[in-house]
Amino acid sequence: MRTVRLIISGRVQGVYFRRFTKHKAHDLGINGTVCNRADGSVEIIAQAEAGKLEPFIKWCHKGPITARVDKVEIKDLDGSHPYQSFEII
11 MRTVRLIISG
21 RVQGVYFRRF
31 TKHKAHDLGI
41 NGTVCNRADG
51 SVEIIAQAEA
61 GKLEPFIKWC
71 HKGPITARVD
81 KVEIKDLDGS
91 HPYQSFEII
């Protein structure tokens, strides 16, 4: 099991980024959270087997057609908190 935090910067708020992210996570069997940050970016915590995370991370570099992703920061987390679903917060 791998847990990562992604910070997505660009035009990612007000363009349904979180909703599309939740659908993509559900399609790929990924648990975690997605939320808007005060600085205009989006934060994603994603948890799944490494093989499932790679296509999700690749998708995050593009995002939905309504968004413009300028930068994706990725950090591995310790995974001590198990997520049971994927939620917008």
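Using the numbering used here, you'd call the opening residue of the sequence shown number 11 and step up by one each time.
Each residue gets a CB set at the ideal place from its N, CA and C atoms; glycine is no exception.
Treat the numbers as computed from the prediction; the structure is a model and nothing was measured.
1. Does DSSP put residue 77 in a helix, a strand or coil?
2. Taking just the CA atoms, how far does residue 97 sit from residue 36?
3. Should residue 57 go down as buried or exposed, given a rule of 16 or more other Cβ atoms within 10 Å for buried?
4. If we ignore side chains and look at the alpha-carbon of each, how far apart do residue 83 and residue 39 end up?
5. Rounded to a whole number of angstroms, what is the C-alpha to C-alpha distance between residue 47 and residue 64?
6. May I have the straight-line CA-CA distance separating residue 11 from residue 75, to the nearest angstrom?
7. Using the rule of at least 16 other Cβ atoms within 10 Å of the residue's Cβ for burial, across every protein chain shown, is residue 95 buried or exposed?
Reading from the atomic positions:
1. coil
2. 10 angstroms
3. buried
4. 22 angstroms
5. 23 angstroms
6. 29 angstroms
7. exposed
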